[in-house]
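Protein chains in written order, with our numbering: chain Y, 8 to 259; chain X, 8 to 259. Glycine residues also receive a C-beta, built at the ideal position from the N, C-alpha and C atoms. Given the structure is predicted, the values throughout are model-derived calculations rather than measurements. Following: one structure in structure tokens, then a few remarks.
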DNA sequence: CCTATTTGCGTACTACGTACCCGAAATGCA
DNA sequence: TGCATTTCGGGTACGTAGTACGCAAATAGG
């Protein structure tokens, strides 16, 4: 009987309050995860190595494996810890727009606090309890409107996609500069800038050039730009709901 | 005078047809990239190591560095090679819906052929010539409709977000099974399945449970499900365009 | 105290990206 | 043709990963 069966970390809970023989555990999943999150926040996810986490805890790398089966599982725990910071009211308010606006802002804030979060979220199927809690809240915003469950998940997916990609863009080359070690100004001017300028000046891609040169939202403050895009998505969802058959109030 | 300045790979073209002293190059970026793509397609991006690529080419790992500055740059080259497979007509047809449907299908197909593509695309700012070409085509679909450039990039972003996340979901746990080494059925039944079942049976998340149990789109063929979601996004964009001020034809 | 059990963690193995360096090959010029 | 110059090929080696293994230390029950 081996307990090494490869199964989701959420099916392998930590043994709390074990009563029996053997040395008491000196650490905990929660403590290890918090340390990993702190390192990743400050120096990027690639700095949160097993050795480094252990070192910050004042122990050896292999000790961590008493608490976490694999490093990938630690990523799942980190995602869930970050998602646990998202504070939401108990149920839906009845106004799905304001519910989802609240959720989107909280999610963006969490993504900015933990620059690795969105990348991890979209790179692995993470269904931790806190992500499920947040997802349930999002679905709940559309509950009671008589919508099909597939439509609801579709709308929530649209919102998620927007929040993720907008937040990722916002972090985007900020992260890139930390990874390459270049400072932001240097990166934009010397690394990617010259190439974009060359492309624009070649005249071969007029619309891309317009999107670089004539963009007005590019000069907005990040939070304002996010709000603009969010309104667009919510408008789109509203339009889709309004156009559904069954709600043929204003139709001839 | 060092030529080691860290700058975008697209500003450091391969030296073609050099005439002068010195040994002739025995390989090429294109050849190295093609090999990397072939390995990554068959065994995942993590199998495309410098050593493995070199080995498949019958040479040593360090030889590759005569052609590619860093492994990350090779990723950019791989992205661009995959994007080069996307075949599009010269200009826009005048019907933005059909233009974008064509583009979305081609992009999904490329993402399925190269299961690493979407992950790489969204994890690094990749502006290779072929991605720009595709992007220009997408923007071009909305050209001539009198739309603001920021609106156009917003709509294209919505479409991109959908195609990426839908394709990623489609690959999703298929990739995960290859990474963990479990076969798909075993993964769904023994790895993630029990946890989802436990969550559903707990009754704590009724809407999530409905999305698992009552989904009708989940039983559709993947291509059909993709088409459904795509229609939804295109409908949403159409609704946004119709609601724009300036197009006040049917408004009181 | 003795034994069974659990944790802490040093050692070690494999695999990675890539810096350094030198011999091989190819050219232009004497 | 021979030599100097330049470029390519790739072996060796360094630093850093994740983590398997095994043993000592700690703890509880008998």
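Just tell me which of the options has its CA closest to the CA of residue i.
i: residue 219 (chain Y); options: Y:108, Y:38, Y:125 and Y:205; result: Y:205
i: residue 251 (chain Y); options: Y:158, Y:223 and Y:84; result: Y:158
i: residue 104 (chain Y); options: Y:119, Y:249 and Y:238; result: Y:238
i: residue 64 (chain X); options: X:236, X:169, X:33 and X:222; result: X:33
i: residue 5 (chain X); options: X:243, X:233 and X:131; result: Missing from the structure shown is residue 5 (chain X); chain X here goes from 8 to 259 and no further.
i: residue 178 (chain Y); options: Y:227, Y:122 and Y:18; result: Y:122
i: residue 31 (chain X); options: X:221, X:41 and X:22; result: X:22
i: residue 146 (chain X); options: X:91, X:102 and X:76; result: X:102
i: residue 153 (chain X); options: X:167, X:230, X:249 and X:15; result: X:249
i: residue 176 (chain X); options: X:229, X:114, X:66 and X:214; result: X:229
i: residue 240 (chain X); options: X:143, X:40 and X:171; result: X:171
i: residue 17 (chain Y); options: X:209, X:202 and X:225; result: X:202
i: residue 212 (chain X); options: Y:71, Y:66, Y:137 and Y:20; result: Y:137
i: residue 82 (chain X); options: X:216, X:135 and X:50; result: X:135
i: residue 106 (chain X); options: X:208, X:142, X:231 and X:59; result: X:142
i: residue 42 (chain Y); options: Y:97, Y:108 and Y:66; result: Y:66
i: residue 117 (chain X); options: X:208, X:164, X:78 and X:91; result: X:91
Are any of the Cβ atoms in chain Y nearer than 8 Å to that of residue i?
i: residue 142 (chain X); result: yes
i: residue 17 (chain X); result: yes
i: residue 139 (chain X); result: yes
i: residue 122 (chain X); result: no
i: residue 242 (chain X); result: yes
i: residue 146 (chain X); result: yes
i: residue 212 (chain X); result: yes
i: residue 48 (chain X); result: no
i: residue 14 (chain X); result: yes
I want to verify the contact list: residues of chain Y whose CB lies under 7 Å from the CB of residue i, in sequence order.
i: residue 224 (chain X); result: 157
i: residue 217 (chain X); result: 156
In terms of residues, what are the limits of the alpha helix (DSSP H) holding residue i?
i: residue 17 (chain X); result: Per DSSP, residue 17 (chain X) belongs to no alpha helix (DSSP H) and is neither H nor E.
i: residue 5 (chain X); result: No answer is possible for residue 5 (chain X): the residues shown for chain X start at 8 and end at 259.
i: residue 247 (chain X); result: 229 to 249
i: residue 80 (chain Y); result: 78 to 90
i: residue 206 (chain Y); result: 200 to 209
i: residue 222 (chain Y); result: Segment: none, residue 222 (chain Y) is in no alpha helix (DSSP H) and carries neither H nor E.
i: residue 57 (chain X); result: 57 to 63
i: residue 43 (chain X); result: 36 to 50
i: residue 140 (chain Y); result: 136 to 148
i: residue 95 (chain Y); result: Note, residue 95 (chain Y): premise wrong, no alpha helix (DSSP H); not H, not E.
i: residue 126 (chain Y); result: 124 to 130
Can you find a CB in chain X that lies within less than 8 Å of the CB of residue i?
i: residue 231 (chain Y); result: no
i: residue 22 (chain Y); result: no
i: residue 207 (chain Y); result: no
i: residue 114 (chain Y); result: no
i: residue 72 (chain Y); result: no
i: residue 160 (chain Y); result: yes
i: residue 108 (chain Y); result: no
i: residue 126 (chain Y); result: yes
i: residue 26 (chain Y); result: no
i: residue 129 (chain Y); result: yes
Residues of chain X with a CB under 9 Å from the CB of residue i: which are they?
i: residue 169 (chain Y); result: 164, 165 and 168
i: residue 151 (chain Y); result: In chain order: nothing, as chain X lies at least about 11 Å away.
Give the residues of chain X in contact with residue i, contact being defined as C-beta atoms less than 8 Å apart.
i: residue 132 (chain Y); result: 179, 180, 183 and 199
In chain X, which residues lie with their C-beta within 7 Å of the C-beta of residue i?
i: residue 236 (chain Y); result: 161
i: residue 239 (chain Y); result: 161 and 247
Along chain Y, which residues have their Cβ under 9 Å away from the Cβ of residue i?
i: residue 34 (chain X); result: Within 9 Å Cβ-Cβ: nothing; residue 34 (chain X) doesn't reach chain Y, min ~24 Å.
Please list the residues of the stretch 76 to 105 of chain Y that have a C-beta atom closer than 7 Å to any C-beta atom in chain X, keeping them in chain order. none
For the stretch 174 to 186 of chain X, which residues have a beta carbon sitting closer than 8 Å to at least one beta carbon of chain Y? 175, 179, 180 and 183
Residues in the stretch 51 to 65 of chain X having any Cβ partner in chain Y nearer than 7 Å: none
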